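Undergrad: This is the structure I want to talk about, given as structure tokens.
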Amino acid sequence: MLDRHIRRLIDPTLDRAGRGLAAWGATADAVTLTGLGVGLVAAVLIVLGWPGWALLPLLLSRLFDGLDGAVARARGRTDFGGYLDIWCDFVFYGAIPFAFALADPANALPAAFLILSFYINGSSFLGLAVQAEKRGLSTEAQGRKSLYYSAGLLEGTETIAFFVVLCLLPAQFAPLAWAFGALCLLTAGARVAHARNLLA
Numbered sequence: 029m030l031d032r033h034i035r036r037l038i039d040p041t042l043d044r045a046g047r048g049l050a051a052w053g054a055t056a057d058a059v060t061l062t063g064l065g066v067g068l069v070a071a072v073l074i075v076l077g078w079p080g081w082a083l084l085p086l087l088l089s090r091l092f093d094g095l096d097g098a099v100a101r102a103r104g105r106t107d108f109g110g111y112l113d114i115w116c117d118f119v120f121y122g123a124i125p126f127a128f129a130l131a132d133p134a135n136a137l138p139a140a141f142l143i144l145s146f147y148i149n150g151s152s153f154l155g156l157a158v159q160a161e162k163r164g165l166s167t168e169a170q171g172r173k174s175l176y177y178s179a180g181l182l183e184g185t186e187t188i189a190f191f192v193v194l195c196l197l198p199a200q201f202a203p204l205a206w207a208f209g210a211l212c213l214l215t216a217g218a219r220v221a222h223a224r225n226l227l228a
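For the numbering used here, count along the sequence shown from 1 and bump the result up by 28.
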């Protein structure tokens with residue numbers, strides 16, 4: 029819901045930084061993988077019981093996630109780069125709740141529900157992207173993307189904000205996970221309805 033507004037604010041700065049990284053020889057794929065690696069460091073810190081310390085690598089990983097697109101725009105986009113970006117995003121999004129489950133077994137059930145909701149929401153997103161590609165549909169409502177990007181109630185910005193709250197309030201993981209997971213399911217339902225209107 030907030031991604032398009034955030035992108036308008038941060039894209040000019042990211043694009044300047046991306047051009048600089050590209051001039052130094054950085055590739056978008058390398059930036060993507062670096063972002064994933066830093067995000068997994070955040071997950072390890074959560075497992076070790078240091079969620080507050082996980083905030084810095086968590087946010088840094090999302091900075092890399094924004095920079096990879098900027099580098100790609102500067103150097104030229106590739107289909108594999110778009111694929112790698114979305115794959116790394118899903119690995120990261122699953123790793124954080126899984127880390128909270130490992131850190132405290134009491135978090136296992138709400139973490140499982142949260143990951144399930146991510147899976148359902150992600151499939152509603154990617155399934156529509158595949159069908160839209162088959163029909164030659166495109167949209168730049170969320171900026172230029174490597175695939176058809178259907179907006180929703182919860183997107184990347186909301187998910188990162190949620191992860192930050194989890195790191196700040198780890199004792200509240202369970203109620204926060206149940207609530208956010210329910211909103212993910214609502215988002216998925218809205219995307220399925222949108223897909224029916226678009227593709228039927």
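Cβ coordinates follow ideal geometry from the N, Cα and C atoms, glycine included. Bear in mind that the values here come from a model prediction, so they are computed numbers and not experimental data.
Pairing CB atoms from the stretch 144–164 with CB atoms from the stretch 70–86, are three or more of them under 8 Å?
TA: Verdict: no, contact absent.
Undergrad: Under the rule that 16 or more other beta-carbon atoms within 10 Å means buried, what is residue 66, buried or exposed?
TA: To locate residue 66, count along the sequence shown from 1; it is residue 38. Classification for residue 66: buried.
Undergrad: Throw me the rounded Cβ distance for the residue 150 and residue 190 pair, which I believe falls under 8 Å.
TA: Counting from 1 along the sequence shown, the entry for residue 150 is found at position 122. Counting from 1 along the sequence shown, the entry for residue 190 is found at position 162. Their Cβ separation, rounded to whole angstroms, is 15 Å, which puts residue 150 and residue 190 out of contact at 8 Å.
Undergrad: Throw me the rounded Cβ distance for the residue 138 and residue 70 pair, which I believe falls under 8 Å.
TA: Along the sequence shown, read from residue 1 onward, the residue named residue 138 stands at position 110. Along the sequence shown, read from residue 1 onward, the residue named residue 70 stands at position 42. Actually they do not touch by this definition, with Cβ atoms about 19 Å apart.
Undergrad: Just the Cα atoms here: how many angstroms apart are residue 116 and residue 163?
TA: By one-based count along the sequence shown, residue 116 stands at place 88. By one-based count along the sequence shown, residue 163 stands at place 135. Spanning the two alpha carbons is a distance of roughly 26 Å.
Undergrad: Do you know whose CA, among 114, 75, 102, 105, lies nearest residue 295's CA?
TA: The chain is shown only over 29 to 228; residue 295 falls outside these bounds and no answer can be derived.
Undergrad: Are the beta-carbon atoms of residue 61 and residue 99 separated by less than 8 Å?
TA: Residue mapping note: residue 61 aligns to position 33 of the sequence shown, counting from 1. Residue mapping note: residue 99 aligns to position 71 of the sequence shown, counting from 1. No, Cβ-Cβ distance for residue 61 and residue 99 is not below 8 Å.
Undergrad: Contact defined as beta carbons within less than 8 Å: I believe residue 120 pairs with residue 89. What is the distance between those atoms, to the nearest angstrom?
TA: In the sequence shown, counting from the first residue as 1, residue 120 sits at position 92. In the sequence shown, counting from the first residue as 1, residue 89 sits at position 61. 7 Å between Cβ atoms; contact.
Undergrad: Looking only at C-alpha atoms, which of 148, 195, 227, 194 sits nearest to residue 210?
TA: Walking along the sequence shown from the start, residue 210 turns up at place 182. Checked all of 148, 195, 227, 194; the closest Cα to residue 210 is 148.
Undergrad: In the DSSP assignment, find the alpha helix (DSSP H) that holds residue 52 and state where it starts and stops.
TA: Taking the sequence shown and counting its residues from 1, the one referred to as residue 52 is at position 24. Segment: none, residue 52 is in no alpha helix (DSSP H) and carries neither H nor E.
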